[in-house]
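As they're listed, the protein sequences go chains S and Z. Numbering of the first sequence is given in this note's numbering, commencing with residue 237 and proceeding in unit increments. Numbering of the second sequence is given in this note's numbering, commencing with residue 659 and proceeding in unit increments. Built from N, CA and C at the ideal position, the CB exists for glycine as well.
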Amino acid sequence: DFKSSFHDEL
Amino acid sequence: MNIFRLSGDLSHLLAVIILVLKIWTTRSCAGISGKSQILFAIVYVTRYLDLVTTFVSVYNTSMKVIFIGASFATIYLMYSKFKATYDHNHDSFRIEFLLAPTVILALLINQKFTVLEVLWTFSIYLESVAILPQLFMVSKTGEAESITSHYLFALGSYRGLYLLNWIYRYYAEDHYELIAIVSGIVQTVLYCDFFYLYITKVLKGKKLQLPA
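Dropping the structure here:
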């Protein structure tokens, strides 16, 4: 579920 | 990464640089809302805590460091070095009315109830309204220096370009984050009035004057 909390945008 | 997000980030970078240069070169922060700058510093700190936990890319890390550095530099210039030029009287928006609702909303509506995620969500909600003290100050003074209006145009455009980035990512990568999108729409809509004045006046060389 790491994906959903991973924010790659600034 | 796509052209919309890159140009959005560069527009954002341009805005924070214009602001620091404006205050530094004119040695004055007249017309600038210190309250908005405090809110932006809170936005960057609460959003970029993952600087210490996740390495995305050199670009990502360096931009985060620049945004945090520039916002603290601006606050230092406004509240310390050139505080004599800070216009307290016109910078009177009550930021408690922005902080409380965004904290509550972040606790209620978020993607995951973890510290980092709730802080990120709070940062997204706060950023959408962080410009209000600045727009409020411009409306109270009834005008803005042209350099300040260029700053606001670059700052407002960045999130507008992010909206295009999110449309692109939805179709190209089947990826979207509803919280960021809704907040980004609110944030960009708040600038519409200013965008109209900027395009109809400032670009024609006139001063940004709000109808009294």
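Assuming Z:Phe811 contacts Z:Tyr856 (C-beta within less than 8 Å), just tell me the rounded distance between them. 5 Å
Does the count of Cβ pairs from the stretch 680-691 of chain Z and the stretch 791-811 of chain Z closer than 8 Å reach three? yes
Could you tell me the distance, in whole angstroms, from the CA atom of Z:Thr760 to the CA atom of Z:Phe780? 6 Å
Proximity of Z:Phe662 and Z:Tyr828 at Cβ, strictly below 8 Å: no
Given a cut-off of 8 Å on the beta-carbon distance, is the pair Z:Ser786 and Z:Ser841 in contact? yes
Buried or exposed: Z:Thr711, going by 16 or more other Cβ atoms within 10 Å of its Cβ? exposed
Say whether chain S places a C-beta atom closer than 8 Å to the C-beta of Z:Trp682. no
For the alpha helix (DSSP H) containing Z:Arg827, list its first residue and its last residue. 804-831
Buried or exposed: which applies to Z:Met659, given that a residue is buried once 16 or more other Cβ atoms fall within 10 Å of its Cβ? exposed
When you check each C-beta in the stretch 720-741 of chain Z against every C-beta of chain S, which residues fall closer than 8 Å? Met721, Lys722, Phe725
Does the count of Cβ pairs from the stretch 669-677 of chain Z and the stretch 759-776 of chain Z closer than 8 Å reach three? no
Residues near Z:Phe852 by beta carbon distance below 7 Å, same chain, minus five either side: Leu793, Leu810, Gly814
Near Z:Phe698, what residues of its chain come up, given a Cβ to Cβ distance below 6 Å and the 5 sequence neighbours on each side ignored? Ser729, Ala788
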